[in-house]
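Written out below as C-alpha cells is the structure these notes cover.
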Amino acid sequence: MDLYADNDELFAKLKEGNPGYDVIVPTNDYVERMLTANMLEPLDHSQIPNMANLDKPFQDAAFDPGRKHSVPYMWGTICVGWRKSKVDGTPDSWKVLYDDDKHAGKMSLLGDAQNVIGHALKYLGMSLNSKDPAEVKKAEELIIAQKKNIKVFADDNGQDLLASGEVDICQEWNGDILQVMEEDKDIGLVVPKEGGLLWQDCLCIPKGAPHPMNAHAFLNFILDGEVGAKIGEFINYATPNAAAKKHASKEYLSNTSIFPSDDIIAKCESAVYLGEDATRLYDEAWTRIQAA
Amino acid sequence: METWKQSKAVFWTLATPGTLWLAIFFVAPLAIIWGLSFAEKTSIVDTEITGTLSNYIRALGTPVYLKIIWKSIWISALATLMCLIIAFPIAFVVAFAPDKWKPILLMAVILPFWINLLIRTYALISVFRTRGFVNFGLEWLWDGANSILAFIGLGPAVLGAFEPLQMLYNNFAVIAGLVYVYMPFMVLPLYATIERLDKSFLEASLDLGASQARTFWSVVFPLTMPGIVSGIILVFIPCLGSFLTPDLLGGTNATMIGNVIERQFKAANDWPFGAALSFLLMYATFGALALRSLFAGRKSGMEV
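Protein sequence lines correspond, in order, to chains R and D.
Going by numbering that gives the first Met the number 0, the letters in the first sequence line up with residues 0 to 291, in that order.
Going by numbering that gives the first Met the number 0, the letters in the second sequence line up with residues 0 to 303, in that order.
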C-alpha cells in the first residue's frame with residue numbers, strides 16, 4: 000500500500016504508467032480527469048454484487064455514467080469549522096471567511112486553488128465550477144482584498160490550527176473537523192447556507208493493475224453493509240451505502256455534521272473536471288493571489 | 000611519476016561507477032526536464048517537444064513570476080546571511096575546542112540530519128505557534144516579572160496580560176525555518192577552513208598590535224573566504240528551491256518559486272511550464288557560479 004498526499008500526486012504518479020497499484024481512491028473530479036486520460040480499467044459489475052447496496056443517488060454518477068469505472072467509498076462536504084467560545088453565533092455564511100474582518104488574523108482558508116477560489120465563487124453566488132475568466136477574476140479580487148485578514152492558506156491542516164488555538168475559524172473538509180470535534184467540545188462545524196463542495200471519494204482500478212480479480216473482490220468487500228458501517232463510524236465520514244446505514248448506530252446517522260440536511264445538500268455542488276485551460280486559469284489566479 | 004595515463008585500467012575502474020551514477024541520476028533527469036521546458040501540452044497527459052520558447056516567454060513576460068523569483072532571492076539571501084553570522088562563531092568554537100571535544104561538537108552540528116526535514120519543520124511549528132514553547136516561556140517570564148513587581152509594591156499585574164507573539168505564518172518564520180534547516184551546510188565548510196587556518200597568523204597579527212576585530216577582518220576573514228563562499232553556495236541554492244518550508248511555516252504571501260514549480264507538476268498539471276521555471280533558476284545559478292569562478296580566477300592571478 001502507498002499513501003499519497005493528494006489527488007494531484009496520485010495523478011502525477013499514474014501519468015508515467017501504473018507503478019503497480021490494484022486499487023486507487025481518487026475524488027470525483029479526478030475520476031473524471033483520469034477517465035479523460037484513459038487511466039482507469041472498466042469494472043466488471045458481475046464481480047461486485049454488493050454494488051446493489053449503494054444508496055439510489057450513488058448508483059450512478061455524472062462524472063462516470065453508469066458507474067463503469069468507479070464505486071463510491073465515502074462522501075462529504077467542505078465546511079466551516081469554528082471555535083464556539085471565540086465566535087458569536089454560527090458562522091453559517093462564507094461571508095465570515097471571505098468578506099468580513101471581525102476575526103482578522105484568526106482565520107484560515109484551504110491551500111489549493113480550486114477550493115479557495117471555488118468557495119469564493121459560491122459566496123458571490125456563482126458556480127463552484129465556473130470557467131468564466133471574468134467570474135474567476137472577481138473571486139480573485141475578493142480573496143486578495145481579504146488576504147490581510149487571513150492568517151494562512153492551510154494545506155489540509157486547518158483542523159490542527161483550530162484545535163491549537165492558532166485560528167478561530169477555518170475552511171476544511173468536514174471529516175477533518177469532525178476528528179478534532181471528538182476531542183474538543185468547543186469546536187463546531189457548519190456547511191454555509193450558500194452551499195459548498197460536495198465530494199465523493201471513489202474506489203477505482205487503474206489500467207495495468209497486476210491483480211484485477213483481487214481488486215474486484217476488495218471493492219466488493221468494502222461495499223459490504225457491515226464493513227461499510229464500521230468504516231463510516233470509525234472515520235466519521237458519510238457512507239453512500241444503504242446497507243451500511245442499516246448496521247450503523249443512530250448517533251452516526253443522525254449527526255448533521257456528517258449527513259447535512261437535504262436543503263443544504265441541494266445547494267452544494269460537486270467539482271467537475273474543468274479542462275486544462277480552466278486549470279491554468281485557476282492556477283494563474285492562485286499564483287497572483289499568493290504574490291499579491 | 001605515475002599518472003592516470005599509465006594505469007588506465009585502474010582509472011576507469013574507479014571512475015565508472017561515479018560517472019554512471021551521475022549520468023543516470025543527474026544528467027539524464029535534468030536532460031528530460033530541460034527538453035520538457037521546450038515542450039507544449041497536447042492533451043491532459045501528453046506533451047510534445049516542439050522547441051517552443053513559449054514557456055520561457057510566459058515565465059519572463061508575466062510580472063507575477065518575476066516578482067516571486069525576486070522574493071525567493073531576497074528571502075534566500077537573508078537566510079544565507081543569517082546562517083553565516085550564526086555559523087561563524089559556532090565553527091570557530093568547534094575548531095578551537097580541545098581535541099577530545101571536537102567530535103562531540105561536530106556531532107551536535109550534524110545531529111539534526113538524523114531527523115527528517117519534514118518532521119523538523121513540524122517541530123518548529125510547535126515551537127513558534129501562538130500556544131507554542133517560545134510563547135509559553137515568555138509568558139512564564141512575563142508572569143514572573145509581574146509577581147516580582149507586585150511583591151515590591153507596585154501593585155498587581157503592572158505589565159498587563161501577556162500578549163503572545165505571532166511568530167508563525169509570516170516571513171520571519173520562513174527565514175527562521177531555512178536558517179535552522181541549512182545551518183549545518185554553513186558550519187561544516189567554515190569549520191574545515193578555520194581548522195586548516197595556521198593559528199600562528201593570528202598570534203602574529205595580535206603580537207604586532209592589531210586589535211581582535213582588526214585581526215578578524217584583515218586575517219581570519221580573507222583566509223577563510225573559500226569556506227565562506229562554499230558555505231554560501233551550499234545554503235543559498237537549496238534555499239532558493241525550497242518549497243516545504245514556505246508551505247508549512249509561511250503565511251498567505253509566503254509563496255516562493257519552489258512552490259509555483261511544485262504546483263506546475265501537480266495541481267496545474269503543466270510540466271513544460273514547471274520545467275521552464277526550474278531551468279530559469281538553473282540558468283541563474285550556473286551564471287552566478289560561472290561569475291564566481293571568473294572572479295576567483297582573476298583574483299588568484301593577481302595574488303601570484
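Cβ atoms here follow ideal geometry from the backbone N, Cα and C, with glycine treated the same way.
Option in the options with minimal Cα separation from residue i
i: glutamine 263 of chain D; options: D:Tyr282, D:Leu293, D:Phe242, D:Gly249; result: D:Phe242
i: cysteine 201 of chain R; options: R:Ala208, R:Arg279, R:Lys67, R:Gly16; result: R:Lys67
i: glutamate 171 of chain R; options: R:Asn37, R:Glu182, R:Val190; result: R:Val190
i: serine 216 of chain R; options: R:Gly16, R:Met0, R:Asp21; result: The sequence as given places alanine at residue 216 of chain R; serine does not occur at that position. Cα-wise, what sits closest to alanine 216 of chain R is R:Asp21.
i: leucine 160 of chain R; options: R:Lys12, R:Leu42, R:Arg82; result: R:Arg82
i: glycine 143 of chain D; options: D:Asn170, D:Gln165, D:Ala160, D:Ile118; result: D:Ala160
i: leucine 65 of chain D; options: D:Leu280, D:Ile43, D:Ala287; result: D:Leu280
i: leucine 123 of chain R; options: R:Leu109, R:Ala153, R:Lys192, R:Met106; result: R:Lys192
i: glycine 224 of chain R; options: R:Lys12, R:His246, R:Gly110; result: R:His246
i: phenylalanine 184 of chain D; options: D:Thr61, D:Val218, D:Ile256, D:Pro111; result: D:Pro111
i: leucine 120 of chain R; options: R:Pro259, R:Tyr97, R:Leu109; result: R:Tyr97
i: glutamate 165 of chain R; options: R:Ile23, R:Lys105, R:Ser248; result: R:Lys105
Cα-Cα separation, residue i to residue j
i: alanine 291 of chain R; j: asparagine 252 of chain D; result: 7 Å
i: tryptophan 270 of chain D; j: leucine 276 of chain D; result: 10 Å
i: arginine 195 of chain D; j: glycine 230 of chain D; result: 16 Å
i: isoleucine 142 of chain R; j: isoleucine 103 of chain D; result: 51 Å
i: asparagine 49 of chain R; j: phenylalanine 220 of chain R; result: 8 Å
i: glycine 231 of chain R; j: asparagine 268 of chain D; result: 32 Å
i: glutamine 113 of chain R; j: leucine 290 of chain D; result: 42 Å
i: glutamate 302 of chain D; j: alanine 295 of chain D; result: Confidence at glutamate 302 of chain D is low in this model, with a pLDDT of 45, below 50, so the placement of that residue should be treated as unreliable; the coordinate-derived value is given next. Using only the alpha carbons, I get a separation of about 11 Å.
i: arginine 213 of chain D; j: phenylalanine 95 of chain D; result: 19 Å
i: glutamate 138 of chain D; j: proline 163 of chain D; result: 8 Å
i: glycine 157 of chain R; j: alanine 4 of chain R; result: 15 Å
i: methionine 106 of chain D; j: lysine 150 of chain R; result: 38 Å
i: isoleucine 47 of chain R; j: alanine 214 of chain R; result: 10 Å
i: valine 180 of chain D; j: proline 225 of chain D; result: 22 Å
i: valine 26 of chain D; j: isoleucine 257 of chain R; result: 51 Å
i: lysine 7 of chain D; j: phenylalanine 127 of chain D; result: 57 Å
i: isoleucine 43 of chain D; j: alanine 144 of chain R; result: 33 Å
i: methionine 81 of chain D; j: leucine 239 of chain D; result: 15 Å
Residues bridged to residue i [DSSP beta-bridge criterion]
i: arginine 82 of chain R; result: R:Ile186
i: glycine 75 of chain R; result: R:Trp198
i: cysteine 169 of chain R; result: R:Gly80, R:Ser107
i: isoleucine 23 of chain R; result: R:Cys203
i: leucine 53 of chain R; result: R:Asn240
i: alanine 38 of chain D; result: D:Ile48
i: aspartate 91 of chain R; result: Aspartate 91 of chain R is not bridged to any residue.
i: alanine 60 of chain R; result: R:Asp63
i: serine 269 of chain R; result: R:Leu197
i: leucine 187 of chain D; result: Answer by DSSP bridge pairing: none, since leucine 187 of chain D is not bridged.
i: alanine 153 of chain R; result: R:Leu109
Under 7 Å from the C-beta of residue i: neighbouring residues of chain R
i: alanine 266 of chain D; result: Asp7, Asp111, Ala112, Asp282
i: tyrosine 168 of chain D; result: Lys150, Val151
i: valine 259 of chain D; result: Thr286
i: valine 63 of chain D; result: Thr286, Arg287, Ala290
i: isoleucine 67 of chain D; result: Ala290
Residue i beta carbon near the ligand NAP (any heavy atom closer than 8 Å)
i: histidine 210 of chain R; result: By its list of ligands, the structure shown contains no ligand whatsoever, and the ligand NAP lies outside what it can speak to.
Under 8 Å from the C-beta of residue i: neighbouring residues of chain D
i: arginine 32 of chain R; result: Ile43
i: lysine 14 of chain R; result: Val44
Beta-carbon proximity list for residue i, same chain, < 7 Å, skipping 5 on both sides
i: leucine 273 of chain R; result: Asn128, Lys130
i: isoleucine 236 of chain D; result: Thr284
i: valine 173 of chain D; result: Ile74, Thr244, Pro245, Leu248, Gly249, Ala253
i: aspartate 43 of chain R; result: His215
i: leucine 188 of chain R; result: Cys78, Gly80, Asn173, Ile176, Leu177, Met180, Ser256
i: glycine 194 of chain R; result: Lys121, Ile263, Lys266, Cys267, Glu268
Beta-carbon proximity list for residue i, same chain, < 6 Å, skipping 5 on both sides
i: glycine 298 of chain R; result: Residue 298 of chain R cannot be examined here, being either before or after the span of chain R that is shown, 0 to 291.
i: serine 69 of chain R; result: Val30, Asp63, Cys201, Cys203
i: valine 186 of chain D; result: Ala86, Ile89, Ala90, Val108
i: glycine 174 of chain R; result: Gly75, Asn235, Tyr236
i: isoleucine 68 of chain D; result: Ile256
7 Å Cβ cut-off: residues of chain D touching residue i
i: alanine 11 of chain R; result: Phe264, Lys265
i: arginine 82 of chain R; result: Neighbours of arginine 82 of chain R on chain D: none; closest Cβ ~13 Å, over 7 Å.
i: arginine 279 of chain R; result: Ala267, Asp269
Per-residue contacts from residue i into chain R (C-beta, under 8 Å)
i: asparagine 252 of chain D; result: Lys146, Gln289, Ala290, Ala291
Chain-ordered chain R contacts of residue i [CB-CB under 9 Å]
i: valine 126 of chain D; result: Those within 9 Å of valine 126 of chain D in chain R number zero; the least Cβ separation is about 12 Å.
Chain D contact residues for residue i, given Cβ-Cβ distances below 9 Å
i: aspartate 175 of chain R; result: What aspartate 175 of chain R touches in chain D: nothing, since even the nearest Cβ is about 17 Å away.
i: aspartate 154 of chain R; result: Asp246, Leu247
i: threonine 35 of chain R; result: Ser42, Ile43, Val44
Neighbourhood of residue i by C-beta, 8 Å cutoff - its chain only, sequence neighbours within 5 removed
i: leucine 53 of chain R; result: Val70, Pro71, Leu222, Pro239, Asn240, Ala241
i: isoleucine 118 of chain D; result: none
Partners in chain C for residue i, counting only beta-carbon separations shorter than 7 Å
i: threonine 120 of chain D; result: In the structure shown, chain C does not exist; the protein chains are R and D.
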